[in-house]
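6 protein chains.
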Amino acid sequence: MPYVNIKITRDGATKEQKAELIKGATDLLERVLSKAPASTYVVIDEVDPENWGAGGVSVKELRR
Amino acid sequence: MPYVNIKITRDGATKEQKAELIKGATDLLERVLSKAPASTYVVIDEVDPENWGAGGVSVKELRR
Amino acid sequence: MPYVNIKITRDGATKEQKAELIKGATDLLERVLSKAPASTYVVIDEVDPENWGAGGVSVKELRR
Amino acid sequence: MPYVNIKITRDGATKEQKAELIKGATDLLERVLSKAPASTYVVIDEVDPENWGAGGVSVKELRR
Amino acid sequence: MPYVNIKITRDGATKEQKAELIKGATDLLERVLSKAPASTYVVIDEVDPENWGAGGVSVKELRR
Amino acid sequence: MPYVNIKITRDGATKEQKAELIKGATDLLERVLSKAPASTYVVIDEVDPENWGAGGVSVKELRR
Numbered sequence: 030m031p032y033v034n035i036k037i038t039r040d041g042a043t044k045e046q047k048a049e050l051i052k053g054a055t056d057l058l059e060r061v062l063s064k065a066p067a068s069t070y071v072v073i074d075e076v077d078p079e080n081w082g083a084g085g086v087s088v089k090e091l092r093r
Numbered sequence: 030m031p032y033v034n035i036k037i038t039r040d041g042a043t044k045e046q047k048a049e050l051i052k053g054a055t056d057l058l059e060r061v062l063s064k065a066p067a068s069t070y071v072v073i074d075e076v077d078p079e080n081w082g083a084g085g086v087s088v089k090e091l092r093r
Numbered sequence: 030m031p032y033v034n035i036k037i038t039r040d041g042a043t044k045e046q047k048a049e050l051i052k053g054a055t056d057l058l059e060r061v062l063s064k065a066p067a068s069t070y071v072v073i074d075e076v077d078p079e080n081w082g083a084g085g086v087s088v089k090e091l092r093r
Numbered sequence: 030m031p032y033v034n035i036k037i038t039r040d041g042a043t044k045e046q047k048a049e050l051i052k053g054a055t056d057l058l059e060r061v062l063s064k065a066p067a068s069t070y071v072v073i074d075e076v077d078p079e080n081w082g083a084g085g086v087s088v089k090e091l092r093r
Numbered sequence: 030m031p032y033v034n035i036k037i038t039r040d041g042a043t044k045e046q047k048a049e050l051i052k053g054a055t056d057l058l059e060r061v062l063s064k065a066p067a068s069t070y071v072v073i074d075e076v077d078p079e080n081w082g083a084g085g086v087s088v089k090e091l092r093r
Numbered sequence: 030m031p032y033v034n035i036k037i038t039r040d041g042a043t044k045e046q047k048a049e050l051i052k053g054a055t056d057l058l059e060r061v062l063s064k065a066p067a068s069t070y071v072v073i074d075e076v077d078p079e080n081w082g083a084g085g086v087s088v089k090e091l092r093r
């Protein structure tokens, strides 16, 4: 009954890419721990670059 | 001092329904563990169906 | 497909009390949003009072 | 390699204030635990007042 | 700068299996979104079966 | 009503250091956003180095 949460910056990930993340994470849990795919939930959070910090500054600032 | 996080897909839950979730979760902690209602925080996250996966596909896809 | 996370301080909640929290949160989602009980996951985190702060001090300190 | 998540109600925190939260949390981890700033991630979640409950009612309701 | 959190029930996942989850999640983010592996954090939470509920009962109870 | 979650590897942070993190995070929210200290919750999670990955390997492995 795994639950996977993937947080990424909101940068235009497409519906197809998000579908691949969901499929890939579910497959990973099945391959490594034999978890039934039906029981795996995946939640993707897309975070505004202004709200994600690394090294003490926001990703928005980092990319300027 | 409980903290409750409820994640649901974003499907048009109304303000009244969300108020019921907040009230219900707070009451639950009071009833079962005698937690003072004033000390319970509840945060509801509404997740885009495209960003929630189950069984390896997004909920958006599941519902097609 | 709700996911509920309940964080409480580790204070000796019994197996029965935790079962009531699981049942109660699942019922709440069914009652308010008609979510199928089978699709609701509940995860309870019991946090060391030394690791939970409120008002700027740990709950362990608060209780002294 | 710390990860800090700050949840606040969505109340018009400015870009500058969020930058201060990121800087402050990163500094805190460096000062207290000597964590390299480059290794600290900070994610700020701004939660709709309708989706945040305290004392059994939403913050939106509390503020009326 | 992705952050991935994997929650599983505590069921004796080995060090090697957990290393595979870390490697697999990091590879997934690189393959799908070209995220630099060095920037991906993965945190695995192993949850007591007594603290994880599905369908209104704990996983511990489900398995009896 | 802020909620702050700090995740660090379990490396022997002392009770005093954790108290400083709680105090520091609470002060930060007061200083930047004028949040009343009494309303800020801080939860510290100490994660086994075997369960935290960066760059595709566990922190435990990274430190060997």
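Chains as they are written, first to last, in this note's numbering: chain U, 30 to 93; chain E, 30 to 93; chain W, 30 to 93; chain C, 30 to 93; chain P, 30 to 93; chain H, 30 to 93. From the three backbone atoms N, C-alpha and C, an ideal C-beta is built for every residue, glycine too.
Query                                                                                               : Result
H:D77 - containing beta strand (DSSP E), residue span                                               : Element bounds for H:D77: n/a, residue is neither H nor E.
W:S87 burial status per 10 Å Cβ neighbour count (16 or more: buried)                                : buried
N- and C-terminal bounds of the beta strand (DSSP E) containing U:K36                               : Y32 to T38
Cβ-based contacts, 7 Å cut-off: residues of the segment 66-88 of chain W near chain H               : V76, E79, N80, W81, G82, A83, G84, G85, V86 and S87
Short CB-CB distance (under 9 Å) between C:E49 and chain E                                          : no
Spatial distance of H:L50 from P:A48 (CA atoms)                                                     : 29 Å
U:P66 vs E:G53 beta-carbon contact at 9 Å                                                           : no
Beta-bridge partners of U:A83, as assigned by DSSP                                                  : U:V86 and C:Y70
Beta carbon proximity, H:E45 to chain P, threshold 9 Å                                              : no
Cβ pair H:L57, C:L57 closer than 9 Å                                                                : yes
Residue interval of the alpha helix (DSSP H) (run including E:G53)                                  : K44 to L62
E:K64 versus W:D40, W:P31, W:V33 and W:N34, residue with shortest Cα-Cα distance                    : W:D40
Whole-angstrom distance between W:I35 and U:N34, CA atom to CA atom                                 : 16 Å
Beta-carbon spacing of U:T38, U:P78 below 9 Å                                                       : yes
Contact set for E:G82: own chain, Cβ-Cβ below 8 Å, skip 5 residues either direction                 : V88
Sequence-distant residues of its chain with Cβ nearer than 6 Å to P:Y32 (five each side left out)   : Y70
Rounded straight-line distance, which links the Cα of U:Q46 to that of W:L91                        : 47 Å
9 Å Cβ cutoff met for C:V76 and E:D74                                                               : yes
Rounded C-alpha distance that separates W:S68 from U:R93                                            : 43 Å
Any C-beta of chain U under 9 Å from that of C:D56                                                  : yes
Per-residue contacts from U:I64 into chain E (C-beta, under 7 Å)                                    : As written in the sequence, residue 64 of chain U is Lys, which differs from the Ile given in the question. Those do not exist, as U:K64 stays about 11 Å from chain E at its closest Cβ, beyond 7 Å.
Within chain C, partners of E:K52 - CB distance below 9 Å                                           : G82, G85 and V86
Beta carbon proximity, H:R39 to chain C, threshold 9 Å                                              : no
Nearest-angstrom Cα separation, counted from C:E59 out to W:R60                                     : 46 Å
Neighbourhood of E:T55 by C-beta, 7 Å cutoff - its chain only, sequence neighbours within 5 removed : P66, T69 and V71
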